[in-house]
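Chains as they are written, first to last, in the numbering used here: chain A, 50 to 330; chain B, 26 to 451.
Here it is, written out as structure tokens:
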């Protein structure tokens, strides 16, 4: 009875509420960035905190019936992507005191959450639950690494946008409101470092998890190869400046390409196999 | 009580006329003293800057009007041949207040939102206070103007963004580099333009400024003034180009001082780390081809003017907000002026009732004890306060137009027979 009540009444309401909170936060960040609205400026940060706290509570609520073990369905993965993006962005905003890029990052976060809620409501939100420390760390760090990759890609895009605007003497709205090139470069480097760290953790925890389940690791499995190439690209991009004398301008292009490729892979994975670890693409 | 303002400014007269009627401090003081001593004005203030000479006057007699004040200033400056009435603007009553509010908030300035005018208005007021020509009305007017300017500065963006070439150069540098104190800057040319740009950079915490100039002594003098004491000989500075993140050129020579091959070499040496070259020279000092190099931001005066135009546009967009603030303050000021008109009636009203109270208490002075008399006095004070509360509140209440004030005042005067009271006191 309780389960019926949860799945038919409470679950859709909570899912909708979390999506709504993301939309409201996004509107506030947009209101401040595009219109300089005083109300939005005052309440955007509290709104972000409320959204993140509510989202964590929501995930706790969702996983409570399974003993707080997450099921790694597309819906759950998307909602985790939304959360990790928001958390990573909040961390960046609090540490760098740069709140002018929130709209761009949170639009991805809100998008992921809305897609996730559609998956949940269309009852494709079911997936296998995994237990074990190794697999848990593996999947969580994979989600965090995707968020970092997304953020690095977005900041790279903003960097190129501002770079071109300055070069072409277009001193308009974005010139006025975006952080300067050096700050954007710093944000990119931080995001790449986080991405590389989490990707390394993903690979390491994946190997541990596989050993624990006594599975044989197939080194030529597509997923593993793709993951390794991405990890290598990010590792190289960390030292690309020192190794090859690449400037941020070219690095930004590489990071955007990587972000697009990874996103396409995840979307393909979500479409062709809604369960994460039973897919092959 | 009326207040008028007349004057010449950048909107009403050309610069030669503005120069002709300008009143430096000593002349302004003499002018104000004459006005007060001749019995022409109750209060007066002069605002004299490079773009305006304006008089704010509370006339002491009806004959002293705008026309009279224009003639008075022309006579004072002995400028009958050059200055005519058409060169002046004139404002009355609330429009005078509005004008001063607009002046203090820099919306009436030649460069919209410039930051110096408020200090100049304060200076004008200080002079008026010093010669004791600022009374209750001008004091209130000026303080309201200061408050308007402060609100405008904090609540709008009218003063934001660079509106000079040298400051625009700094704004651009800050859009590329986050911390100018960590950047090495080369200034080629120690002339006025270069000096201004270097000073703006210095204000934004740039401390590593190296100066090079054909005349070494000039470079050394500027370096000493800035406190950087870093000079490079003009003959050898090109060997060090790769060390600099920002290069400002402001020299007046026909040939380019920086050419593409040397900058290409310098970029290779610094492993393509971004460089900004701000070419403030006229004719241009830097080969435009340099702008095509990777990670090279080359900006000349025309490029920087784009930033200025954009900032002025942003400032203009703030004008409705500024006008809203001015209108709100103007309403408050007009209400306060209206209370000045009813103040004599309020004083008469209070005096009349206090007289009645004192007369009645006097009759009992020797009939009751001192303590009882004090108690009676306290009681009558309380009663009077309650009786007078509503009429005074009604007098002070805002009216639709200033024309309604006399009828309200007359009504109260007739009801309480204040005319007679006034005459008796006279």
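Glycine included, every Cβ here is placed at the ideal spot set by N, Cα and C.
None of these values were measured; they are calculated from a predicted model.
query, result
"Distance CB(residue 76(B))-CB(residue 35(B)) smaller than 8 Å", "yes"
"Between the CA atoms of residue 319(B) and residue 37(B) - distance to the nearest angstrom", "50 Å"
"Exposed unless 16 or more other CB atoms sit within 10 angstroms - verdict on residue 105(B)", "exposed"
"Residue 201(B): contacting residues in chain A (beta-carbon distance under 8 Å)", "215, 229, 230, 231"
"Residue 129(A), enclosing beta strand (DSSP E) - first and last residue", "Premise fails: residue 129(A) lies in the alpha helix (DSSP H), 123 to 145, not in any beta strand (DSSP E)."
"Residue closest to residue 186(A), alpha-carbon to alpha-carbon, out of 223(A), 257(A), 285(A)", "257(A)"
"Of the residues 96(B), 343(B), 287(B), the one placed nearest residue 84(A), counting alpha carbons only", "343(B)"
"Beta-carbon proximity check, residue 122(B) vs residue 171(B), cutoff 8 Å", "no"
"Neighbour flag for residue 322(B) against chain A, beta carbons, 8 Å", "yes"
"Short Cβ contact (8 Å threshold) for residue 146(A) with residue 82(A)", "no"
"Distance between residue 125(A) and residue 152(A) (C-alpha atoms, nearest Å)", "23 Å"
"Proximity of residue 28(B) and residue 162(B) at Cβ, strictly below 8 Å", "yes"
"Option nearest residue 214(B) by Cα separation, candidates 431(B), 288(B), 227(B), 242(B)", "242(B)"
"Proximal residues, the stretch 289 to 300 of chain B versus chain A, C-beta separation under 8 Å", "296, 297, 298, 299"
"Within chain A, partners of residue 183(B) - CB distance below 9 Å", "None at all; the shortest Cβ gap to chain A is about 14 Å."
"Cβ of residue 224(A) within 8 Å of any chain B Cβ", "yes"
"Sequence ranges, alpha helix (DSSP H) only - wholly within the stretch 189 to 254 of chain A, length at least 4", "222 to 226"
"DSSP three-state assignment for residue 115(A), whether helix, strand or coil", "helix"
"Close Cβ partners of residue 248(B) (< 7 Å) along its chain, the five nearest in sequence each way excluded", "236, 254, 255, 256"
"Residues of the stretch 328 to 352 of chain B with Cβ closer than 7 Å to any Cβ of chain A, in chain order", "328, 331, 332, 335"
"7 Å Cβ shell around residue 166(A) - same chain, five flanking residues per side excluded", "64, 65, 68"
"In chain order, each alpha helix (DSSP H) run of at least 4 residues that lies wholly inside the stretch 105 to 158 of chain B", "118 to 129, 142 to 155"
"Three-state class that DSSP yields for residue 61(A) in the structure shown", "helix"
"In chain order, each beta strand (DSSP E) run of at least 3 residues that lies wholly inside the stretch 36 to 100 of chain B", "66 to 73, 77 to 84"
"Which of helix, strand or coil DSSP assigns to residue 324(B)", "strand"
"Of the listed residues 213(A), 77(A), 233(A), 304(A), nearest to residue 284(A) (C-alpha basis)", "304(A)"
"Selection of the stretch 226 to 243 of chain B by Cβ proximity to chain A, strictly under 8 Å", "none"
"Buried/exposed call for residue 19(B), threshold 16 Cβ in 10 Å", "For chain B, the structure presents residues 26 to 451; residue 19(B) sits outside this window and is missing."
"Under 8 Å between C-beta atoms of residue 243(A) and residue 197(A)", "yes"
"Local conformation of residue 258(A) per DSSP, three classes", "helix"
"Euclidean distance between Cα positions of residue 374(B) and residue 118(B)", "27 Å"
"Under 9 Å from the C-beta of residue 296(A): neighbouring residues of chain B", "296, 297, 298, 299, 319, 320"
"Every unbroken beta strand (DSSP E) inside the stretch 189 to 213 of chain B [3 residues or more]", "209 to 213"
"Contact test: residue 321(B) Cβ vs the ligand GTP heavy atom, cutoff 7 Å", "This structure lacks the ligand GTP; in fact it carries no ligand of any kind."
"Inside the stretch 217 to 250 of chain B only - beta strand (DSSP E) runs reaching at least 3 residues", "233 to 237"
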